[in-house]
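What follows is one structure encoded as structure tokens, with my remarks underneath.
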Amino acid sequence: MGNTPENLIILFAAWLTVMFIIYLCSITAAELFSLFEAIMVYFILYECYFFFHADVTYLFVAFIGCSI
Numbered sequence: 320m321g322n323t324p325e326n327l328i329i330l331f332a333a334w335l336t337v338m339f340i341i342y343l344c345s346i347t348a349a350e351l352f353s354l355f356e357a358i359m360v361y362f363i364l365y366e367c368y369f370f371f372h373a374d375v376t377y378l379f380v381a382f383i384g385c386s387i
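Written as structure tokens, this is what we have:
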């Protein structure tokens, strides 16, 4: 398994999934808006992987766009 863009995106998605689960386990009522933002970031990354065939350019554009 080399470090091709597709493999790196799979690893990044796996890391993001783990972090999202940890975040869900530690959520408080004051963080509901942050949870919504996290869900939107996750959904956009998921869309990028499956609809743009793991193009790393779309991944970073979506991630940066959602962080603003």
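Mapped onto our numbering, the consecutive letters of the sequence shown carry residue numbers 320 to 387.
In this text, a Cβ means the ideal position worked out from N, Cα and C, and glycines have one as well.
Under a three-way DSSP split, which group does residue i fall into?
| i | result |
| --- | --- |
| Ser345 | coil |
Here's a check: name, in chain order, each residue in its chain whose Cβ is nearer than 8 Å to the Cβ of residue i, leaving out the five neighbours to either side.
| i | result |
| --- | --- |
| Phe355 | none |
Below 7 Å CB to CB, which residues in the same chain sit around residue i once its five sequence neighbours on both sides are set aside?
| i | result |
| --- | --- |
| Tyr342 | Ala357 |
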